[in-house]
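J.: Respectively, the protein sequence lines represent chains A and B.
Going by my numbering, the first residue of the first sequence is number 413, and it counts up by one from there.
Going by my numbering, the first residue of the second sequence is number 413, and it counts up by one from there.
Beta carbons are placed, not taken as given, at the ideal position from N, Cα and C, and that holds for glycine.
Structure in structure tokens, see below.
Protein chains: 2
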Amino acid sequence: MADTPTPRTTAPARSQTREDKHRETTVRVERSAVSLVLERGFDNVTVDLICSQSGISQRTFFNYFKTKNAAIIGAEAPTIDENRARAFIAATGDDLLPDVLTLLSEIGPRAGIDEQLFTDRLRVFGLYPELMHEQMERMTRVTAEITELVYLRLSRSAAAHSAGDADAAFRHGQAELLTHAMLGVVRYMALQWIQGNDATVGAGADHDKSRVDTPTLTESLHRTVELLRRTLSIPGR
Amino acid sequence: MADTPTPRTTAPARSQTREDKHRETTVRVERSAVSLVLERGFDNVTVDLICSQSGISQRTFFNYFKTKNAAIIGAEAPTIDENRARAFIAATGDDLLPDVLTLLSEIGPRAGIDEQLFTDRLRVFGLYPELMHEQMERMTRVTAEITELVYLRLSRSAAAHSAGDADAAFRHGQAELLTHAMLGVVRYMALQWIQGNDATVGAGADHDKSRVDTPTLTESLHRTVELLRRTLSIPGR
DNA sequence: AGGTAACTTGCAGCAACTGCACTTTAGAGT
DNA sequence: ACTCTAAAGTGCAGTTGCTGCAAGTTACCT
Chain A
413 MADTPTPRTT APARSQTRED KHRETTVRVE RSAVSLVLER GFDNVTVDLI
463 CSQSGISQRT FFNYFKTKNA AIIGAEAPTI DENRARAFIA ATGDDLLPDV
513 LTLLSEIGPR AGIDEQLFTD RLRVFGLYPE LMHEQMERMT RVTAEITELV
563 YLRLSRSAAA HSAGDADAAF RHGQAELLTH AMLGVVRYMA LQWIQGNDAT
613 VGAGADHDKS RVDTPTLTES LHRTVELLRR TLSIPGR
Chain B
413 MADTPTPRTT APARSQTRED KHRETTVRVE RSAVSLVLER GFDNVTVDLI
463 CSQSGISQRT FFNYFKTKNA AIIGAEAPTI DENRARAFIA ATGDDLLPDV
513 LTLLSEIGPR AGIDEQLFTD RLRVFGLYPE LMHEQMERMT RVTAEITELV
563 YLRLSRSAAA HSAGDADAAF RHGQAELLTH AMLGVVRYMA LQWIQGNDAT
613 VGAGADHDKS RVDTPTLTES LHRTVELLRR TLSIPGR
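Right under this line is the structure:
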């Protein structure tokens, strides 16, 4: 993404460039939205409330976010990191499943995201499943891209012994199927993770807002992959 | 719920029992909604329009359906058929994957549904993915039940050589994971199917509303299972 | 300093949805 | 057949999410 290409002619240490301001208000509003939902419940939070809390007009709110929910679950549309995508295709063909999972789980939590906001949002997801579903739905928007990547990877590892059109079509089907199945697994992971987080939150007293032992994405990823491996060996016997 | 236990004292061939009427108007409104969306586009169909078309007041509409979308995608909450559930658990442990898939794909299209309405709705799903997502989301509501069933099935086939608590927990994890993964596969199937249907619809002229060669649920199910089998043998090598 | 385009905002309005109070009607008892 | 009651249908008023338009305000460039 190259965060600040600064195409401006003069690019000194300006105090408040336009984009900075935009990002700033975006996160400010999102924080307001999330914390308001947490403390008053979804139904008792109106857009107007979020607005006054964030110091913007309602009209501006809807310039920033398409919907009220978008402010809560996050404005940024989930996308795939170019580099990771490249790495994914280039990797050796053996550990496909875990690789796909990794790729998928990395489109959710974006890089430089506000830590507090992130965990709060997670708690919101735990409380209001519909919102999480919406988030998952947004993730499925990139299904096509993922499928393409999986297809490329499959083609790479199979290049040696098959190159017919039929095979290509077949592999495309595989890619699609695999992607959807793995998306389901990601959903499982997300649920597990949220549950785990909720538990630790519940266990620790209110004052303990410091970092508890969050299971780490990589950890639960490994666990899931292992479980998946052991599970999938069953049906074929 | 044993569809017509008729707890009434007098249960002769009454012309229009209360429930009959309710079901009747329900389907009437749903038909109006779906066909209106098809001919005018989602955004150009208001609840008021659907109401006047169906001869009910708006207030009544919202007594029948929770939301506008509910009228379009169908009011009936997807549930699992008791008998099928029983059969699923009782089945031999070998063909788990296809069985789960079958079970899942049968919670969508309900038994005695209006044929025309069904296919029209499918076309709507093709046109407006958000609606299909909503439908899928409703399906995921029964995740817990499915998971339980899968768990029971797993336990049955594994009963011989393991009964520890740890094993039970493990199997529960498996069940959950499997359910979510298979839900993803169902999503894949649904998409494939809709695509196929759209194609045939596009090919046939407008007047040809008779039954074309719809791929049949069982057919595409078999194909999917086969593909799944062949695909899953890859990652483990 | 001045100008232009982007950002912000108020306002007016539509559509989804809800609570409340009232009428209508189906179904049970007599 | 008549009544009585509870359920179902309806009108109305109000809230909330969201949009278009026409201004005002601000940032940035020359």
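If you draw a straight line from the C-alpha of V562/A to the C-alpha of L461/A, how long is it?
T.: Translated into the one-based positions of the first sequence, residue 562/A becomes position 150. Translated into the one-based positions of the first sequence, residue 461/A becomes position 49. Their Cα atoms are separated by approximately 44 Å.
J.: Is there a Cβ from chain B that is less than 7 Å from the Cβ of E442/A?
T.: Indexing the first sequence from 1 puts residue 442/A at position 30. So, not an interface residue.
J.: Would you grab the beta carbon distance between I484/B and V449/B for me? Rounded to a whole angstrom, and I think it's under 8 Å.
T.: The sequence position of residue 484/B within the second sequence is 72, counting from 1. The sequence position of residue 449/B within the second sequence is 37, counting from 1. About 6 Å separates the two Cβ atoms, so the contact holds.
J.: Does chain A have any CB closer than 7 Å to the CB of L639/B?
T.: On the second sequence, position 227 is the one that residue 639/B refers to. Closer than 7 Å to some Cβ of chain A, the Cβ of L639/B qualifies, so yes.
J.: For a quick check, are the C-beta atoms of T643/B and L640/A less than 7 Å apart?
T.: The residue you call residue 643/B lines up with position 231 of the second sequence. The residue you call residue 640/A lines up with position 228 of the first sequence. No, these two residues do not count as a Cβ contact at 7 Å.
J.: Within 10 angstroms of the Cβ of Q586/B, are there 16 or more other Cβ atoms? Answer buried if so, exposed if not.
T.: As a first step, residue 586/B must be located in the second sequence, where it is residue number 174. Q586/B is buried by the Cβ-count criterion.
J.: Looking at chain B, is there any beta carbon in it that lies within less than 7 Å of the beta carbon of L595/A?
T.: On the first sequence, position 183 is the one that residue 595/A refers to. It does: the Cβ of L595/A has a partner Cβ on chain B nearer than 7 Å.
J.: Taking 7 Å as the cut-off, decide whether the C-beta atoms of F477/A and A487/A are in contact.
T.: Locating residue 477/A in the first sequence gives position 65, where the first residue counts as 1. Locating residue 487/A in the first sequence gives position 75, where the first residue counts as 1. Yes, Cβ-Cβ distance for F477/A and A487/A is below 7 Å.
J.: Short of 8 Å in beta carbon distance, which residues of its chain neighbour T437/B, apart from the five on each side in sequence? Order them along the chain.
T.: Within the second sequence, numbered from 1, the residue matching residue 437/B stands at position 25. Taken in chain order, the residues that qualify are S466, I468, Y476.
J.: Is T552/A helix, strand or coil when you go by DSSP?
T.: Position 140 of the first sequence, counted from the first residue, corresponds to residue 552/A. Correct three-state label for T552/A: helix.
J.: What are the start and end residues of the alpha helix (DSSP H) that includes A487/B?
T.: Within the second sequence, residue 487/B is the residue found at index 75, counting from 1. Careful: A487/B lies outside any alpha helix (DSSP H) and carries neither H nor E.
J.: Please confirm whether E549/B has its beta-carbon closer than 7 Å to some beta-carbon of chain A.
T.: The residue labelled residue 549/B in the question sits at position 137 within the second sequence. Cβ-Cβ to chain A under 7 Å: yes for E549/B.
J.: Can you tell me whether R599/A sits near the ligand ADP, meaning its C-beta is under 6 Å from at least one heavy atom of the ligand?
T.: The ligand ADP is not part of the structure shown, which contains no ligands of any sort.
J.: Please state the DSSP three-state secondary structure of T559/A.
T.: As a working mapping, residue 559/A is identified with position 147 in the first sequence. Residue state, collapsed to three classes: helix.
J.: How big is the Cα-Cα spacing for M551/B and R440/B?
T.: Numbered from 1 along the second sequence, position 139 holds the residue referred to as residue 551/B. Numbered from 1 along the second sequence, position 28 holds the residue referred to as residue 440/B. Going by the C-alpha atoms only, they are around 23 Å apart.
J.: Looking at D511/A: is its Cβ nearer than 7 Å to the Cβ of A499/A?
T.: Against the first sequence, residue 511/A aligns to sequence position 99. Against the first sequence, residue 499/A aligns to sequence position 87. No, they are not a contact pair.
J.: Which value, in whole angstroms, describes the spacing of the CA atoms of V637/B and L509/B?
T.: Residue mapping note: residue 637/B aligns to position 225 of the second sequence, counting from 1. Residue mapping note: residue 509/B aligns to position 97 of the second sequence, counting from 1. Looking at the two C-alpha atoms, the distance is approximately 8 Å.
J.: So, using beta-carbon positions, are L516/B and M594/B closer together than 7 Å?
T.: Numbered from its first residue, the second sequence carries residue 516/B at position 104. Numbered from its first residue, the second sequence carries residue 594/B at position 182. Cβ atoms of L516/B and M594/B: closer than 7 Å.
J.: Nearest to E588/B by CA position, among D579/A, E588/A, R599/A, is which residue?
T.: For the purposes of this step, residue 588/B is taken as the residue at position 176 of the second sequence. Out of D579/A, E588/A, R599/A, R599/A has the C-alpha closest to the C-alpha of E588/B.
J.: Using only the alpha-carbon positions, how far apart do N456/B and L543/A sit?
T.: Mapped onto the second sequence, residue 456/B falls at position 44. Mapped onto the first sequence, residue 543/A falls at position 131. Distance between the alpha carbons of N456/B and L543/A is about 26 Å.
J.: Can you give the Cα-Cα distance for T568/A and T630/A, rounded to whole angstroms?
T.: For the purposes of this step, residue 568/A is taken as residue 156 along the first sequence, with counting starting at 1. For the purposes of this step, residue 630/A is taken as residue 218 along the first sequence, with counting starting at 1. A quick correction: the sequence has Arg, not Thr, at residue 568/A. Their Cα atoms are separated by approximately 26 Å.
J.: Taking just the CA atoms, how far does L534/A sit from D610/A?
T.: The residue given as residue 610/A occupies position 198 in the first sequence. The residue given as residue 534/A occupies position 122 in the first sequence. Spanning the two alpha carbons is a distance of roughly 9 Å.
J.: Counting only beta-carbon separations shorter than 7 Å, does Q586/B have a partner in chain A?
T.: Here residue 586/B refers to the residue found at position 174 when the second sequence is read from its first residue. Answer yes: the Cβ-Cβ gap between Q586/B and chain A drops below 7 Å somewhere.
J.: Since V536/A and V459/A are thought to touch, with beta carbons under 8 Å apart, how far apart are those beta carbons, to the nearest angstrom?
T.: In the first sequence, counting from the first residue as 1, residue 536/A sits at position 124. In the first sequence, counting from the first residue as 1, residue 459/A sits at position 47. Incorrect: roughly 16 Å between the Cβ atoms, too far for contact.
J.: Beta-carbon within less than 8 Å of V554/A's beta-carbon, same chain only, minus the 5 sequence neighbours each way: which residues are those?
T.: The residue given as residue 554/A occupies position 142 in the first sequence. Answer for V554/A: P490, T491, I492, I519, listed in chain order.
J.: I'd like to check one pair, E549/A with H584/B: are the Cβ atoms closer than 7 Å?
T.: On the second sequence, residue 584/B is found 172 positions in, with the first residue counted as 1. On the first sequence, residue 549/A is found 137 positions in, with the first residue counted as 1. No, Cβ-Cβ distance for H584/B and E549/A is not below 7 Å.
J.: Within the 7 Å Cβ cut-off, does T458/A reach chain B?
T.: Within the first sequence, numbered from 1, the residue matching residue 458/A stands at position 46. Chain B contact via Cβ: absent.
J.: Using three-state DSSP, classify E518/B as helix, strand or coil.
T.: Along the second sequence, read from residue 1 onward, the residue named residue 518/B stands at position 106. In the structure shown, E518/B sits in coil (DSSP, three-state: anything other than H, G, I, E or B).
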